[in-house]
Structure formats: C-alpha cells, structure tokens
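What follows is a set of notes on a single structure, which appears directly below.
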Amino acid sequence: MKSISMLLLMGLILVSDVSAHSLYVEFPRDLSTDANAEFWIAYGHGGSADQEIATLPVARIVSPSGQPKELQMQPFQGGLKGDVAFPEPGCYIMDMQMDSTFFDPSWFGSSGSRCQVEKYGRALLPVQSGQGFGWSSGTGLEIVPETDPYGLKSGQEFKARALWNGKAATGSYSAVVVRSPEDVLVIQHSQQTEQEGSSSDGSISFTATRPGLWVLSYEATLDEAGEWTAGEDDPQGHYKKGEQLSFEQIAPTAYLSFWVNK
C-alpha cells in the first residue's frame, strides 16, 4: 500500500495568509492497479486541517465506468483518511461534499444577502490511463475537466468547465500548488496563487506552470432563495439545532485536486 501517513506527520506545511482554505485530497502521484493507495481528505491548506472534518455527507470514489462506491474512512490529523483499490485502469474520481453552512452579514454589522454556503471537492486519480476523466454528476457545483489528467505535464494547458446542476456557472477561479513532486516531505512555507481568473460561462483555462499537487477552486454566487436547517447549535449563538433560516443566495465553492508531472 502506498502510504501518506509519514508525509502528513512530517511534512505539515507552514502557510501564510495568501492561500485560502480548500476541501482537498492528499494522495500519491503514481498509482497502479497492483496496489491500494492511501488518501487524506482535509479542509485547510496543503498538509494541514484548519477545520476539523468528522464526517462528510458525500464521500465516494467513482470508477472510470462511472460506478460510485462509498469511501471507508477514519479520523486522522483533523481530516479523514482511508485507502482505495483500483481494479481496472482509468481515471477514478473522488467526489466529496461538506455539510452546508449559513452566513448572515448582519451578524458582523454589515449589509448584504444571507447565504447558504456549500463546499464541494473532487480529486482526479488517473491509474495507467485517463479514461473516464470527464465524469459529471450533474448536481451541485462541480469542476469537470476537459483535459486528460493522465500524463499532464508542467507547461501544458489545463482546461475545465464549472457547472451548477449541470449548467454553466459564472464565477471566479484560482489555483495553488500544495505539494512538490521532488520530495513529499518538503515543507512549503507559503502557497502563492499560481493562476487565477474569472469566467462568464464556467470555462477555465490556464497553464500548469510547475509540477506538483494542484488544487483548483471555483467560486460562484447564485440568486436562489430557500431555507436552511441548522444541523447543530452555532458556537456564537446565532441559531439552534433544527432552526430554519431563510436565505436569498447560494454561495458554492468547488475544489479539484490533481497532480501535474515534470
């Protein structure tokens, strides 16, 4: 089994405020049908979990043929760790979603719309082939790659499309490198944004400037009203478990983790 436990224990990344939190996945660069691979899901910066994840309402691995299977995980270093097998060659897609939250700017003395905040995460795990890399669930906010991740190299263009419930979503994107391929134990003292931009039709295109484990994020704001039900009491006392709060907008962010080779 390919292990990332030592990577996480010894290679915790010291980060500066220039990089935002991400729902991302740490996993080995080289994958094979001959061995299971360990993974670690976290919400934070590369190598650190800044917000503990106890469970995820959606956590599955999708096979190259599009068949989903629930991930078996256990708590580790503030995130969730497990391992996956690859019965056949192709691109496996790890698909995740965090519990939704609620944001009201009036709590901080500001004006603006009340929002339901959603976080979605995916990881591209090509195993000896990129077959199946363009899988789409057609639900929520998702980043669907248009570039085959198998053998993707530094200096090449990476293309994707952001979709909200299967339709193009206007928004903005940014990408950071959270892990170096030369030595997985290298401490990265900061994560400068490698690429960023905005899109009116959900299209994303940029050059993968250097090798490493990349995390691409896409943020959107949608004028969709509804009601959010609190799953637990708010630590600041703004609401109680089971309380329903109305919102005017949905603010989803999607994240995509993938390796770029030399």
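All you need for the numbering used here is the position in the sequence shown, starting with 1, plus 495.
Ideal placement from N, C-alpha and C gives every residue a C-beta, glycine not left out.
Grab me the residues of residue i's own chain with a C-beta within less than 8 Å of its C-beta, minus the 5 sequence neighbours each way, in chain order.
i, result
"Ser695", "Thr665"
"Ala544", "Ala537, Tyr538, Gln572, Gly573 and Gly574"
"Asp678", "Bear in mind that the predicted position of Asp678 carries a pLDDT of just 48, short of 50, making it too unreliable to give a figure here."
"Gly707", "Val672, Val673, Arg674, Ser675, Pro676, Trp754 and Val755"
"Thr704", "Ser649, Gly650, Glu689 and Gln690"
Between which residues of its own chain and residue i is the CB-CB distance below 6 Å, once the five residues before and five after are set aside?
i, result
"Glu691", "Ser669"
"Pro783", "No information on residue 783 is available, as it lies outside the stretch 496 to 757 that the chain covers here."
"Tyr713", "Ile638, Ala657, Gly666, Tyr668 and Ala749"
"Gly607", "Pro600"
"Ser693", "Ser667"
Just confirm the distance between the C-beta atoms of residue i and residue j, as a whole number of angstroms; I'd bet it's less than 8 Å.
i, j, result
"Asp594", "Gly726", "6 Å"
"Glu637", "Ala749", "6 Å"
"Asn756", "Lys662", "That pair is no contact at about 33 Å."
"Phe534", "Val553", "Contact doesn't hold; Cβ gap of about 15 Å is too wide."
"Val579", "Trp630", "Not quite, the Cβ-Cβ distance comes to about 16 Å (not below 8 Å), so this is no contact."
"Thr702", "Gly646", "Thr702 to Gly646, Cβ: 16 Å. No contact."
Which same chain residues, not among the five before or five after residue i, have their C-beta less than 7 Å away from its C-beta?
i, result
"Tyr745", "Inspection of the sequence shows that residue 745 is occupied by Ile rather than by Tyr. So the qualifying residues of the chain are Cys610, Gln611, Glu613, Leu717 and Glu719."
"Val622", "Leu526, Ser527, Thr528, Phe581, Pro584, Gly585 and Tyr587"
"Asp728", "Lys735 and Lys736"
Which residue comes first and which comes last in the beta strand (DSSP E) that contains residue i?
i, result
"His540", "Ala532 to His540"
"Arg656", "Glu652 to Trp659"
"Pro563", "Pro563 to Glu565"
"Phe753", "Gln744 to Val755"
"Arg617", "Cys610 to Val622"
"Pro640", "Leu636 to Pro640"
"Thr724", "Gly721 to Thr724"
Of the residues the options, which one's Cα is nearest the Cα of residue i?
i, options, result
"His733", "Phe603, Ser700 and Leu711", "Phe603"
"Phe653", "Asp643, Ala532, His540 and Glu689", "Asp643"
"Thr634", "Asn660, Ile699, Tyr750 and Val520", "Asn660"
"Phe522", "Val710, Ser560, Pro747 and Ala749", "Val710"
"Phe742", "Tyr645, Gly697 and Ser601", "Ser601"
"Ser675", "Gly625, Trp754, Ser624 and Glu714", "Trp754"
"Thr596", "Gln626, Tyr615 and Asp578", "Tyr615"
"His540", "Thr688, Thr724, Thr704 and Pro706", "Thr688"
"Ala549", "Ala532, Pro563, Gln562 and Gln567", "Gln567"
"Gly561", "Gly707, Ser605, Gln731 and Ser632", "Ser632"
"His516", "Asn531, Gln546, Arg524 and Ala532", "Gln546"
"Leu518", "Arg705, Arg617 and Gly577", "Arg617"
"Asn531", "Val672, Leu620, Pro730 and Asp728", "Leu620"
"Met589", "Ser608, Arg555 and Pro559", "Arg555"
"Pro563", "Pro570, Pro747 and Met591", "Met591"
"Leu740", "Gln626, Glu722, Gln569 and Ser624", "Glu722"
"Leu751", "Thr724, Ile699, Gly577 and Glu738", "Ile699"
What does DSSP give as the partner residues of residue i in its beta bridges?
i, result
"Tyr519", "Ala537"
"Ala670", "Gln690 and Leu711"
"Leu551", "According to DSSP, Leu551 bridges with nothing at all."
"Leu575", "Ile536 and Pro570"
"Thr702", "Glu652"
"Gln546", "Tyr538"
"Thr596", "Val612"
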